[in-house]
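Enquirer:
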Amino acid sequence: THVFINFIFSILFFGSLDLRSHSKETSIRPDAWKTVFPQCGGRSQSPVNIVTKKSVKDERLTPLQYDGYQEASEVLLKNNGHTVQLDLPPGIVISGGQLAANYKALQLHLHWGKDGSPGSEHTIDGEQFPMEMHIVHIKENYNSLSQAAEDPSGIAVLGFFFEESASENKKYSSLVDALKRIVRPSSNATLPGISLEMLIPPQSSLEKYFRYDGSLTTPGCAEAVIWTLFESTIPLSGSQLSAFWQLQFPEGEEMVQNYRPVQPLNSRRVLYSKGSAVLVSWLSLSYF
Ligand SMILES: [Zn+2]
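Numbering (mature numbering (1 follows the signal peptide of the UniProt record, and there is no 0)), first residue to last: -23 to -1, 1 to 265.
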């Protein structure tokens, strides 16, 4: 969730610094974000490592409703200097699954690693995945992410992990092919006929997910995000994953490792939706 960077930095630093995870001394590293943005040192930060045996099963976490996810439309893909971002058209709304309201989608973006090393933000039992996609939604009555960030449950992000597959994922072909047109920051490309349904696992496999309260993973790290992280992964071939490394940061270096390291869970609990094989085995163990 990188949207704040440009906004806040253009105000505070006139764009003279950037916030990449790994870069020159002139930029602020994630562990120093809190010196400039106090919220980044808060008690409910994201991402986190999810310890599955400590997650709490919650039967109320039923499948979400996905309105507009099936609609194919022309979307704008851009290199925003920090990640690949897809701006989403109006009318895409999620609800249900114990979300506090209806949330409308604004954009999606991704976090990845380098040279085959993993780059997801969240980890599961210590495992980091090759890449993670965030679909960013805000409560329907808000007009912007910054407005939603004032509300502790103003933002709902759906997170999806990727796994490397032997074969290409044809549903990602047009997006991956377009990456070579947005190598430079601030460049963009129009993708015709993209729906969110094409980019995520089949709805029938989305009933298993983790839920916790956290933050944006870029400054100002507002603790305003209801996180939903799905167990079902998205397959991409090795060459599809490596296509993301050709993008460039503003100084022309390769755009890699654009993820924030995991943050302390502190007193928070991670909830798990129904249908957990992991938790069944944990419960049966606890009886002995
Ligand atoms: Zn993100």
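Every residue gets a Cβ at the ideal spot worked out from N, C-alpha and C, and that includes glycine.
With a threshold of 8 Å on Cβ separation, who are the neighbours of asparagine 79 within its own chain once the five nearest residues in sequence on each side are excluded?
Expert: Around asparagine 79: Val70, Ile71, Ser72, Lys116 and Glu117.
Enquirer: Measure the C-alpha to C-alpha separation of glutamate 51 and glutamine 124 and round it to an integer number of angstroms.
Expert: Each residue's Cα considered, the two are about 26 Å apart.
Enquirer: Hey, how far is the Cα of arginine 246 from the Cα of valine 202?
Expert: Using only the alpha carbons, I get a separation of about 14 Å.
Enquirer: Comparing C-alpha positions only, which one of Ala9, Lys30, Asp8 and Arg20 sits nearest to tyrosine 249?
Expert: Selected option, being the one with the closest Cα: Lys30.
Enquirer: Histidine 114: beta carbon under 6 Å from a heavy atom of ligand 1?
Expert: Answer for histidine 114: no, Cβ out of range of ligand 1.
Enquirer: Do serine 94 and glutamate 109 have their C-beta atoms closer together than 7 Å?
Expert: No.
Enquirer: Within 10 Å of its beta-carbon, does arginine 37 have 16 or more other beta-carbons around it, so buried, or fewer, so exposed?
Expert: By the neighbour-count rule (16 or more Cβ atoms within 10 Å), arginine 37 is not buried but exposed.
Enquirer: Would you call valine 28 buried or exposed, if buried means 16 or more other Cβ atoms sit within 10 Å of its Cβ?
Expert: Flag for valine 28 reads exposed.
Enquirer: On a Cα-Cα basis, can you pick out the residue from Phe221, Gly191 and Pro7 that is closest to leucine 135?
Expert: It is Gly191 whose Cα lies nearest to the Cα of leucine 135.
Enquirer: Grab me the residues of aspartate 182's own chain with a C-beta within less than 7 Å of its C-beta, minus the 5 sequence neighbours each way, in chain order.
Expert: Just to set this straight, residue 182 is serine in the shown sequence, not aspartate. The answer, listed in chain order, is Ser209.
Enquirer: With C-beta atoms as the reference, is lysine 91 less than 7 Å away from glutamine 234?
Expert: Yes.
Enquirer: Under the rule that 16 or more other beta-carbon atoms within 10 Å means buried, what is glycine 74, buried or exposed?
Expert: So glycine 74 ends up on the buried side.
Enquirer: Do you know whose CA, among Pro227, Ser216 and Lys185, lies nearest lysine 147's CA?
Expert: Of Pro227, Ser216 and Lys185, the residue nearest in Cα terms is Ser216.
Enquirer: Measure the C-alpha to C-alpha separation of leucine 242 and arginine 6 and round it to an integer number of angstroms.
Expert: Approximately 20 Å, taken between the alpha carbons.
Enquirer: When the Cα of glycine 58 is compared with those of Gln240, Gln225, Pro238 and Val239, which residue comes out closest?
Expert: If we check each option's Cα against that of glycine 58, Gln225 comes out closest.
Enquirer: Given a cut-off of 7 Å, decide if phenylalanine 137 and isoleucine 211 are closer than it, judged by their beta-carbon atoms.
Expert: Yes, the pair counts as a contact, with Cβ atoms nearer than the cut-off.
Enquirer: If we ignore side chains and look at the alpha-carbon of each, how far apart do valine 13 and leucine 53 end up?
Expert: Answer to the nearest angstrom: the Cα atoms are 32 Å apart.
Enquirer: At 3 residues or longer, and completely inside the segment 76 to 144: list those beta strand (DSSP E) runs for me, N to C.
Expert: For the segment 76 to 144, whole beta strand (DSSP E) runs of length 3 or above, ordered along the chain, are 80 to 89, 108 to 116 and 132 to 142.
Enquirer: Where DSSP assigns a beta bridge to threonine 39, which residues make up the other side?
Expert: BP columns for threonine 39 are empty, so no partner.
Enquirer: Just to confirm the assignment, what range does the alpha helix (DSSP H) spanning leucine 213 have?
Expert: From DSSP, leucine 213 is part of no alpha helix (DSSP H) but of the beta strand (DSSP E) over 211 to 214.
Enquirer: Run through the DSSP bridge pairs and tell me what alanine 166 is partnered with.
Expert: Leu54.
Enquirer: Quick check on serine 258: does DSSP put it in helix, strand or coil?
Expert: At serine 258 the pLDDT is 43, less than 50, meaning the model places this residue with poor confidence and gives no usable figure here.
Enquirer: CA-CA distance, cysteine 198 and asparagine 120?
Expert: Distance between the alpha carbons of cysteine 198 and asparagine 120 is about 19 Å.
Enquirer: Whose C-beta lies closer than 6 Å to the C-beta of methionine 232 among residues of the same chain, with five residues either side of it excluded?
Expert: Excluding positions up to five away in sequence, the list reads Leu224, Gln225 and Phe226.
Enquirer: Helix or strand or just coil, what does DSSP make of leucine 63?
Expert: In this structure, leucine 63 counts as strand in the three-state DSSP scheme.
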